[in-house]
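A short write-up of the structure that comes next.
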Ligand SMILES: NC(=O)c1ccc[n+]([C@@H]2O[C@H](COP(=O)([O-])OP(=O)(O)OC[C@H]3O[C@@H](n4cnc5c(N)ncnc54)[C@H](O)[C@@H]3O)[C@@H](O)[C@H]2O)c1
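Residue numbers (the numbering used here), protein chains in the order written: chain A, 1 to 423; chain B, 424 to 691.
Next comes the structure, spelled out in structure tokens:
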């Protein structure tokens, strides 16, 4: 996204008036000093420029406020690919050495999950700002230690939860939080695929190295790779952390050469009894992925960018009127025309959340926000906490399925956030 | 009824309610300092009024008063309620004042002779009698405007000064002011220009190709086929209903004369 596109985007999101966007997505305050940071650079080192790392680099190199000064990987083909994107980057094979590099202000960690913990801890110890791909760590204990470390570090900490910057999700949350849809009655998140999730193993590499997400020691499979994105939508919408979780996981279809489940289902229960379901089967893709937010007056499907009202929907022009008045605008209303008849509204095909298809899923904005934060050295509110609970809830769900028990959110891993607020 | 309310810093409240009625949608924005319960009660009063007129004037409901008239008024005099008597008197008056372009008997199967009245009203006895067999009275192109007029009266009686009422997007009445400006700005559907309404009604009639009941020209009984819509601004919503059809059918000359009589303006 160019600067102009971004300005337009922020304008569309209501950033110009400030209030609504920042109430729903306070982390957008990362952009509040974007004029002052022109000319400054965030010097970033990439640890683990594999598939995701390279994708993120492709956005970073487009940002004039970023310089990719170093890359580190153990796998030569990854280094070769990374240098194609950032030819001037210094190459390391030992991440500790990269952390010793004084030219590096911040690191972006995109290694396999089991490696995140020590890399993030060491990065904070080395005085670096950290962007860690989701999930934060392999265990709840590690994740908690990372959060505590970040809190004591005075450094910036971002997690790769790009939906936080996705225009569809932001608009959906604005509408949910404003009460347009009534009370949230349930959240049904699912991510279905029909493939074995395997990557081809090139000569000279091992299966564990390339397909680490299929091995129990390196990943918690569906939960840490997929669920964490969707569970975060639940906490964002509800503005609450669920109290407990139950579920079941199994290996049912892709049984060969994998240790992690290909079929999981969890129920997260909030304090008021509202439930968030997460389901994933990797042998049917018909319903794809979605986070359906079911409310007393309507339903939101942010991934499809749609919403539906249970009864006749409010007229968009009247909703606009409410917003206009909030912003002290004397706007004109667009709805006059020939007669509205209910038969044209009988099939509830819903409405689009945005006027046009967004160009980005939030990843580029998330990275731009990180660069801004690194330059200003200011952590935007709540972004680390949203990431924290996304990871913890995925891990807790995994544990509940493993133990085949209902598990309450452990007291020792609660942080000062939302309903876990320490008074 | 569904509703939302926003309260702004200076204690001002903007209340928005919407529901389905008269085979269409109704939207109401009210700007006042009255609390939400009071506003809900007020909108309920309006709903009751609308329901009352639906029972009187919906010719597709066999139990409605107009259906009773349609089946019996050729055979004998039919006594009318005060409301229906007033509506049918008004329609007759509008028919005369618009050289016959506005005609609620247009869907009759029996063709009338020129100048022949479709129905005769007796104000003493408050009755109606059809002049011919095959007469069918259809209030679809009038009722919304008439009902809107009644709703405005209720709002005035209840001392609501600033509000916007939308009946199915085709009849919009704006009373008083938008919280941030004078009158209310409505975008004209055809050319996207703004039209400011202050104690006025914007009525749109037309043919979008999907309309179930097309506008029919009483002079030749041919349904209008051009796909366009016409909007008029009037003080009274019922007049808006009448004139939006006239604007479609009359010659330019006739139209200007009729509009002058009613002090109406065409939105271009
Ligand atoms: N946010 C998202 O939507 C999203 C999407 C995909 C992946 N991810 C996350 O990104 C991370 C990486 O996933 P991926 O698909 O890119 O995996 P990948 O296997 O393609 O890349 C990981 C890279 O880390 C390198 N690596 C391993 N050990 C290392 C070490 N000790 N030092 C330096 N480099 C080392 C590997 O050689 C490889 O190049 C995971 O945490 C994953 O969950 C996030």
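Each residue gets a CB set at the ideal place from its N, CA and C atoms; glycine is no exception.
Subject >> Nearest-angstrom Cα separation, counted from residue 328 of chain A out to residue 433 of chain B >> reply: The sequence position of residue 433 of chain B within the second chain is 10, counting from 1. The sequence position of residue 328 of chain A within the first chain is 328, counting from 1. Rounded to whole angstroms, residue 433 of chain B to residue 328 of chain A spans 12 Å at the Cα level.
Original post:
How far does the beta strand (DSSP E) with residue 440 of chain B in it reach, from first residue to last?
Top reply: Taking the second chain and counting its residues from 1, one reaches residue 440 of chain B at position 17. It spans 436-444 - the beta strand (DSSP E) in which residue 440 of chain B sits, taken as one unbroken run.
**OP:** Give a yes or no on whether 8 Å exceeds the smallest Cβ distance from residue 519 of chain B to chain A.
**Re:** Within the second chain, residue 519 of chain B is the residue found at index 96, counting from 1. No, its Cβ sits nowhere closer than 8 Å to a Cβ of chain A.
Original post:
Can you name the residues of chain A whose CB is closer than 7 Å to the CB of residue 609 of chain B?
Top reply: Counting from 1 along the second chain, the entry for residue 609 of chain B is found at position 186. The contacting residues are 332, 333, 336.
Subject >> Cβ-based burial, residue 665 of chain B [other Cβ within 10 Å; buried from 16] >> reply: For the purposes of this step, residue 665 of chain B is identified with residue 242 of the second chain, where counting begins at 1. With 16 or more other Cβ atoms within 10 Å, it is buried.
**OP:** Just grab the DSSP bridge partners of residue 108 of chain A for me.
**Re:** One-based indexing of the first chain puts residue 108 of chain A at position 108. In the DSSP output, where bridge partners are listed per residue, residue 108 of chain A has A:46, A:131.
Original post:
Short check: CB of residue 384 of chain A to CB of residue 117 of chain A, under 8 Å?
Top reply: Within the first chain, residue 384 of chain A is the residue found at index 384, counting from 1. Within the first chain, residue 117 of chain A is the residue found at index 117, counting from 1. No. Outside cutoff.
Subject >> Sequence-distant residues of the same chain with beta carbon closer than 6 Å to residue 442 of chain B, five excluded per side >> reply: For the purposes of this step, residue 442 of chain B is taken as residue 19 along the second chain, with counting starting at 1. Within the same chain, residue 442 of chain B has close Cβ partners 424, 449.
Subject >> Beta-carbon gap between residue 274 of chain A and residue 182 of chain A smaller than 8 Å >> reply: By one-based count along the first chain, residue 274 of chain A stands at place 274. By one-based count along the first chain, residue 182 of chain A stands at place 182. Their beta carbons are not under 8 Å apart, which means residue 274 of chain A does not touch residue 182 of chain A by this criterion.
**OP:** Can you pull the chain A residues whose beta carbon is under 9 Å from the beta carbon of residue 582 of chain B, in chain order?
**Re:** Locating residue 582 of chain B in the second chain gives position 159, where the first residue counts as 1. Under the 9 Å cutoff, chain A gives no residues; its nearest Cβ is about 21 Å from residue 582 of chain B.
**OP:** Taking only beta-carbon positions, decide if residue 432 of chain A is within less than 8 Å of chain B.
**Re:** Residue 432 of chain A falls outside the range modelled here, since chain A spans only 1 to 423, and no answer is possible.
Subject >> Any C-beta of chain B under 8 Å from that of residue 311 of chain A >> reply: Here residue 311 of chain A corresponds to residue number 311 of the first chain, with the count starting at 1. Yes, residue 311 of chain A lies at the interface with chain B (some Cβ there is under 8 Å from its Cβ).
Subject >> Any 3 or more C-beta pairs closer than 8 Å across the stretch 160-173 of chain A and the stretch 244-258 of chain A >> reply: no
**OP:** Could you check which residue in A:402, A:389, A:21, A:249 has the C-alpha nearest to that of residue 230 of chain A?
**Re:** Against the first chain, residue 230 of chain A aligns to sequence position 230. Residue A:389 is the option with its Cα nearest to residue 230 of chain A.
**OP:** Measure the C-alpha to C-alpha separation of residue 621 of chain B and residue 655 of chain B and round it to an integer number of angstroms.
**Re:** Sequence index remark: in the second chain, residue 621 of chain B carries index 198 (1-based). Sequence index remark: in the second chain, residue 655 of chain B carries index 232 (1-based). Inter-residue distance for residue 621 of chain B and residue 655 of chain B is about 14 Å (C-alpha atoms, whole angstroms).
Subject >> Within 8 Å, strictly: CB atoms of residue 624 of chain B and residue 595 of chain B >> reply: In the second chain, counting from the first residue as 1, residue 624 of chain B sits at position 201. In the second chain, counting from the first residue as 1, residue 595 of chain B sits at position 172. Cβ distance < 8 Å, so residue 624 of chain B and residue 595 of chain B count as in contact.
Subject >> Other residues of its chain near residue 27 of chain A: CB distance less than 7 Å, five sequence neighbours each side excluded >> reply: Taking the first residue of the first chain as position 1, residue 27 of chain A is located at position 27. Closer than 7 Å at the Cβ level, and outside the excluded window around residue 27 of chain A, lie 164, 369, 380, 381, 382, 383.
Original post:
Beta carbon of residue 51 of chain A: closer than 7 Å to some heavy atom of ligand 1?
Top reply: Along the first chain, read from residue 1 onward, the residue named residue 51 of chain A stands at position 51. At least one heavy atom of ligand 1 is nearer than 7 Å to the Cβ of residue 51 of chain A, so yes.
Original post:
Under 8 Å, do residue 78 of chain A and residue 49 of chain A count as touching if we go by C-beta distance?
Top reply: In the first chain, counting from the first residue as 1, residue 78 of chain A sits at position 78. In the first chain, counting from the first residue as 1, residue 49 of chain A sits at position 49. Yes, they are a contact pair.
Original post:
Residues of chain A with a CB under 8 Å from the CB of residue 431 of chain B: which are they?
Top reply: In the second chain, counting from the first residue as 1, residue 431 of chain B sits at position 8. Contact annotation for residue 431 of chain B against chain A: 325, 326 [CB-CB distance below 8 Å, chain order].
Original post:
Got a sec: does ligand 1 put a non-hydrogen atom nearer than 7 Å to the Cβ of residue 291 of chain A?
Top reply: On the first chain, position 291 is the one that residue 291 of chain A refers to. Not so, every heavy atom of ligand 1 lies at least 7 Å from the Cβ.
Original post:
Of all the CB atoms in chain B, is at least one closer than 8 Å to the CB of residue 346 of chain A?
Top reply: Translated into the one-based positions of the first chain, residue 346 of chain A becomes position 346. For residue 346 of chain A, the pLDDT reaches just 48, beneath the cut-off of 50, and the residue's location in the model is therefore unreliable, although a value from the coordinates is still provided. So no, residue 346 of chain A is outside the interface.
Original post:
Would the beta-carbon of residue 106 of chain A fall within 8 Å of that of residue 374 of chain A?
Top reply: Counting from 1 along the first chain, the entry for residue 106 of chain A is found at position 106. Counting from 1 along the first chain, the entry for residue 374 of chain A is found at position 374. Closer than 8 Å, so yes.
**OP:** Quick one: measure Cβ to Cβ for residue 597 of chain B and residue 587 of chain B, integer angstroms, because I've assumed they're closer than 8 Å.
**Re:** Looking up residue 597 of chain B in the second chain gives position 174. Looking up residue 587 of chain B in the second chain gives position 164. Contact flag correct, Cβ pair sits at about 5 Å.
Original post:
Which of the three DSSP states, helix, strand or coil, is assigned to residue 331 of chain A?
Top reply: Counting from 1 along the first chain, the entry for residue 331 of chain A is found at position 331. Here residue 331 of chain A sits in coil by DSSP.
Original post:
CA-CA distance, residue 523 of chain B and residue 352 of chain A?
Top reply: Here residue 523 of chain B is taken as the residue at index 100 of the second chain, counted from 1. Here residue 352 of chain A is taken as the residue at index 352 of the first chain, counted from 1. Distance between the alpha carbons of residue 523 of chain B and residue 352 of chain A is about 45 Å.
Subject >> Of the listed residues B:689, B:685, B:662, B:555, nearest to residue 675 of chain B (C-alpha basis) >> reply: Translated into the one-based positions of the second chain, residue 675 of chain B becomes position 252. The shortest C-alpha separation from residue 675 of chain B is found at B:689.
**OP:** Anything in the stretch 440-451 of chain B with a Cβ closer than 7 Å to a Cβ of chain A? List those residues in chain order, please.
**Re:** 441, 443, 446, 447, 448, 450
Subject >> Backbone secondary structure at residue 507 of chain B - three-state DSSP >> reply: Counting from 1 along the second chain, the entry for residue 507 of chain B is found at position 84. Residue state, collapsed to three classes: helix.
Subject >> beta-carbon residue 169 of chain A near ligand 1 non-hydrogen atom, thresh 7 Å >> reply: Locating residue 169 of chain A in the first chain gives position 169, counting from the first residue. No; taking the cut-off as 7 Å, the Cβ of residue 169 of chain A has no heavy atom of ligand 1 nearer than that.
**OP:** Just the chain B side, please: which residues come within less than 8 Å of residue 329 of chain A by C-beta, in chain order?
**Re:** Stepping through the first chain from its first residue, residue 329 of chain A is reached at position 329. 603, listed in chain order.
**OP:** Check whether the Cβ of residue 550 of chain B lies closer than 8 Å to any Cβ atom in chain A.
**Re:** Translated into positions along the second chain, residue 550 of chain B becomes position 127. So, not an interface residue.
**OP:** State yes or no: is the beta carbon of residue 22 of chain A nearer than 8 Å to at least one beta carbon in chain B?
**Re:** By 1-based counting over the first chain, the position of residue 22 of chain A is 22. No, residue 22 of chain A does not count as interfacial toward chain B.
**OP:** Using a cut-off of 7 Å between C-beta atoms, extract the partners of residue 321 of chain A located in chain B.
**Re:** Locating residue 321 of chain A in the first chain gives position 321, where the first residue counts as 1. Per Cβ cutoff of 7 Å: 452.
**OP:** Can you have a look at residue 213 of chain A and say buried or exposed, based on whether 16 or more other CB atoms are within 10 angstroms of its CB?
**Re:** If you number the first chain from 1, residue 213 of chain A lands on position 213. That one is buried.
Subject >> CB contact below 8 Å: residue 562 of chain B versus chain A >> reply: Here the question's residue 562 of chain B lines up with position 139 in the second chain. By this cut-off, residue 562 of chain B is not an interface position.
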